[in-house]
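Here the protein sequences come in this chain order: A and B. Following our numbering, the numbering of the first sequence begins with 1 at its first residue and continues without gaps. Following our numbering, the numbering of the second sequence begins with 1001 at its first residue and continues without gaps. For each residue, glycine too, the CB sits at the ideal point set by N, CA and C. Owing to the predicted nature of the structure, the values given are computational and were not obtained by experimental measurement. To start, the structure itself, in structure tokens.
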Amino acid sequence: MLEKFVTIDEIAVPLELQDVDTDRIIPARFLRKPRTVGYGQFMFYDLRFDDDGQPRSEFPLNRDVYRGARILVADVNFGCGSSREGAVWALSDTTHPDSSAGFRCIIAPSFGDIFYNNCTNNGVLPVRLGPADCATLRRQLEEAPGARLQVDLPKQVVRGPDGRQYSFDIDPFRKQRLLEGQDEISLTMTHQAAIEAFESRRRSVVPWLTPDGEASS
Amino acid sequence: MSARTLFDKVWEQHEVTRREDGTTLLYIDRHFLHEGSFHAFAALQMAQRTVRRPDATFACADHYVPTQNQRKGLEGIENAEIRNMVRLLHEHTDRFGIRRFGLQDPGQGIVHVVGPEQGLTQPGLTIVCGDSHTSTHGAFGALAFGIGASEVAHVLATQCLWQIRPKTLQILAEGQLSPGVTSKDLILYVIHRIGAAGAVGHSIEFAGSTIENLSMEARMTLCNMAIEAGGRAGMIAPDDKTFEYLKGRPFAPHGDAWDAAVSHWRSLSTDPGARFDRQARIDASDVAPMVTWGTSPEDAAPIDGTVPDPRSLEAPDRKARFERVLDYMGLEPNRPLEGLPVDRVFIGSCTNSRIEDLRVVAQIVDGHQARIPAWVVPGSLEVQRQAEAEGLHEVFMRANLEWRDPGCSMCLGINGDTIAPFERCASTSNRNFEGRQGKLGRTHLMSPAMAAVAAITGELTDIRKKA
Ligand code: SF4
């Protein structure tokens, strides 16, 4: 069961970088670690830490004023590139002392498709807002560090620090799963009969895929 | 029935059920795994679930395998963590009865090279893998896309995925590519034109006379990088070249089944008049040999061009990004790309490591000497054997190129094959992201021909002047 996402009111941190690929969110060399080590320690590793492993003070996520932030406001094409789900695990982890407070929501003008799916599969809400709205929010968070945003999933609304409201789209299926913290596999298992019926139809269309004819039972 | 696209047909043939909101439970015909799938196996085991279709699941050891002395097997991998990654793949596939092209298997190689080579990749199939370059398999008219670890676990358990139907984008390329210009240049040109997020939410179909004239290898290169334009998938309608490529491969249909398969496959092309949500047209004669200068695949320019000048940009955010990128890449604005010294060359990856790529490289380096360290990493053992049968490895070695064993290698360096900080690498791979090939490494993406000529000149070189 995932943590349910309903409405949150949290500190938000701006990230002024375009096309943040998942290699930057978590460098590939950490992906061989089991998730249980706490992926938060690897989040933005090469941006957060210098060559000696010391935090770079200028990186927003290292600034005290944004401590405790659980919302990230980013720029276009966030999470593009590699399919690694470790990127979302790194962003949302709360178990490791070097992790963030655990991001529950990421706001950006656009996301890599696979990253977007990985977010919702981990109870993290990706919110698409227009580039100008994202830029406004980032500027406000820069000017008043520590400001909070409200994200209301049932109403599909983000409230800025100035009270301005931004509505966003999300498909009903993902919304429901986020709201209920639903496990997708269990849900799919309820369609077992339809899957079996499909498989037998499919076998007659492409019999050469299962030459022994009984491989799926 | 109204006219439908290739994508529409494949999608509709795989709908198990559809919710009122349109979300579809899509059936998956083939599921490919690699070492990174250990996360999904961990999740599967935690939930005490099993693999629904081990017979539709295939695994490759590629990301973490060594590209030297592979013959020594697992024991030959010195780093314990890396060795463990390959071992876990072997263990999990043994436990669930999954066919494995593992270390020391004669079919071993990069998953996106092995699938087609074994005939596992076929027109009209849905194919997924926990790897974004799964789009490669779309070159055969399959609907193939990358997924995350939770989705891998979901497919293992159910053989299905909940999907929202993507929009469609047709990229229509007409005309002849100029000499020295390859499908790698074409895709870098497309990404540059539409942007690294240009196809987000879309399944791309590449069509037109330019595409029809491409070999299967070249088509794979094109679809491989559909993801670098943000595309959910990249597809090309199957034709006689597709069938010719597949015929006789181990997992391709044989005998009567072959004829039935071909007639099914022929029905998959986009109908005349079918509608796409978007279209883009490319004139093949506009495409020059391309190289990237930045840290996104969209940061590409013709080799006879220059490094862009951030000062010429209006938007402050774009300007800031360009400045940052040039700083990372160690480049001066307005400098010609041609003649830029490079420190090493990597020829390999699921984009460009197939036999055709290696033949081009051999032809260019034959009789020359590489001036800088240059690696040739075949995409699979099959490619390696074929290249050696043709004597290409001897050409490489005579030219002072390093001929290695198959794997992902320096494409992302997680087996230990990395470039050094600040090293400038001419690479045939697909991503020039910061740190992708090694921390602080500087990657320039290009075609195998361009990488080969860079190896012998030691600098970015216009293949049209050398060939
Ligand atoms: S060669 Fe590179 S891009 Fe291709 S599967 Fe391997 S790591 Fe991924």
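When C-beta distances to chain A are compared with 8 Å, the residues of the segment 1076-1108 of chain B below that value are E1081, I1082, N1084 and M1085, in chain order. Shown here, D1286/B sits in a helix according to DSSP, grouped into three states.
Within 7 Å of the C-beta of C80/A there is not a single heavy atom belonging to ligand 1.
Between ligand 1 and the CB of L1412/B, the shortest heavy atom gap is smaller than 7 Å.
In the displayed model, K1319/B falls within a helix according to three-state DSSP. Short note on V1114/B: C-beta not closer than 7 Å to any heavy atom of ligand 1. Within the segment 1104-1161 of chain B, the complete alpha helix (DSSP H) segments at least 4 residues long are 1111-1117 and 1149-1158, listed from N- to C-terminus. Within the same chain, R1354, I1355, E1356 and D1357 come within 8 Å of E1217/B by CB-CB distance, once the 5 residues on both sides are set aside.
Counted as a single uninterrupted DSSP element, the alpha helix (DSSP H) harbouring W89/A occupies residues G86 to S92. The beta carbon of F1007/B sits closer than 7 Å to those of L1143, T1168, S1203, E1205 and M1235, all from its chain and outside the five residues before and after it, given in chain order.
Here D1405/B is buried, its C-beta having at least 16 other C-beta atoms within 10 Å. Straight through space, the alpha carbons of L1161/B and P1378/B are spaced by roughly 32 Å. In its chain, beyond the 5 residues on either side, P1123, F1140, G1141, W1265 and L1268 have a beta carbon closer than 7 Å to the beta carbon of P1238/B.
Within 7 Å of the C-beta of S92/A there is not a single heavy atom belonging to ligand 1. Residue burial annotation: D9/A is exposed, with fewer than 16 other C-beta atoms found within 10 angstroms of its C-beta. For P27/A, the neighbours in chain B by C-beta distance under 8 Å run, in chain order, G1435 and K1439. Contact annotation: the segment 1415-1431 of chain B touches the segment 1337-1355 of chain B, with at least three C-beta pairs closer than 8 Å.
Distances from the CB of H1137/B to the heavy atoms of ligand 1 are all 7 Å or more. DSSP places V124/A outside both helix and strand once states are collapsed to three, so it counts as coil.
In terms of Cβ geometry, S1447/B and G1348/B do not form a close pair [threshold 8 Å]. A1042/B reaches chain A at P34, R35 and T36, counting residues in chain order whose Cβ is nearer than 9 Å. Burial check for G112/A: the Cβ neighbour count within 10 Å reaches 16 or more, so the residue is buried. For P172/A, the uninterrupted alpha helix (DSSP H) segment begins and ends at P172 to E180.
In this structure G160/A touches Q140/A by the C-beta definition: roughly 6 Å separates them, less than 8 Å.
The beta-carbon distance between I1077/B and V1086/B, rounded to whole angstroms, is 7 Å. This is short enough to meet the 8 Å contact definition. The Cβ atoms of A1420/B and F1396/B lie no closer than 8 Å to each other. Put simply, the CB of T210/A is near chain B, with a gap under 8 Å to one of its CB atoms. C1160/B reaches chain A at T188 and I195, counting residues in chain order whose Cβ is nearer than 7 Å.
Check the Cα spacing between K4/A and each of G86/A, A135/A, G123/A and R70/A: the tightest is with G123/A. One Cα belongs to D1277/B, the other to C105/A, and the distance between them is close to 30 Å.
The segment 1185-1202 of chain B and the segment 1292-1312 of chain B touch, with three or more beta-carbon pairs separated by less than 8 Å.
The closest heavy atom of ligand 1 lies 7 Å or more from the beta carbon of V1376/B. Contact between A1047/B and D1029/B is absent: CB atoms are separated by about 24 Å, not below the 8 Å threshold.
For H1133/B, the CB falls within less than 7 Å of some heavy atom of ligand 1. Collapsing the DSSP output to three states places D1185/B in a helix. If you ignore the 5 residues before and after E1459/B, its C-beta comes within less than 7 Å of the C-beta of G1339, L1340, P1341 and V1342, all in its own chain and listed in chain order.
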